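For the record, in the sequence shown the residue sitting at position 30 is 30 according to the numbering used here, with numbers rising by one throughout.
Note that beta-carbon positions come from the ideal geometry of N, C-alpha and C, so glycine has one too.
Everything numeric in this text was worked out from a predicted model, so none of it was measured.
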Amino acid sequence: MAGTLEKALKQWENITVEESVTEQALLNILCYNVQGWRSRTLEVTEIVFKIEASIGVFTEVGELWNASRIPHFNIFHQGGTNKSGGVCVAIGKHFKGCRVSCNIENTLIVDVIGLSETIRIIGMYWSAGQNRGLEELDPFITDNTIITGDFNASIKEWG
């Protein structure tokens with residue numbers, strides 16, 4: 001019996017752990033100022049599928065943002081401060097999206113679950129001349145945060 005146990009231990013010591021291979025895939029994120037969701041729905045849907053977007057951030061969606069949908073996507077919406085404002089984040093149904101509560105105008109935060117790590121999408125629309133600063137986002141920034149949207153170059157440093 002001692003010989004059998006010794007053989008088993010030797011075999012166990014000689015086994016090398018194979019390196020695990022992580023499959024990587026591109027994550028295509030589309031950011032698009034639609035300037036009115038209802039009139040641009042077909043165009044948006046075509047672009048989403050053409051570039052194989054997994055996530056879409058759409059600004060200036062307007063009041064009729066829910067007039068039509070993108071097939072196979074869950075859509076989150078934050079109303080705007082005027083009739084043409086607002087932001088939508090569309091998450092492919094192969095992911096799970098979880099809205100993060102925030103009280104920042106024209107800003108929508110969604111955590112995307114289903115990747116190797118959760119990522120946070122912050123979609124924003126700043127209307128022209130709106131006085132805002134990125135520091136208001138500080139409490140919402142995580143290691144894997146993507147900030148995107150239409151900022152209308154309202155910050156002096158941007159030119």
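Assignment of beta-bridge partners to residue 111 by DSSP yields 98 and 120. Each residue's CA atom was taken as its position, placing residue 81 and residue 114 some 32 Å apart. The alpha-carbon separation between residue 98 and residue 129 amounts to approximately 31 Å. DSSP places residue 44 outside any beta strand (DSSP E); the residue lies instead in the alpha helix (DSSP H), whose first and last residues are 37-50. Distance from residue 106 to residue 133 at the Cβ level is roughly 14 Å; contact not present, criterion being Cβ atoms closer than 8 Å. Runs of the beta strand (DSSP E) lying entirely within the stretch 55-100 and spanning at least 3 residues, in chain order: 55-59, 73-78, 87-92 and 96-100. For residue 146, same chain residues with a beta-carbon under 8 Å away, outside a window of 5 residues either side, are 29, 119, 120, 121 and 122 in chain order.
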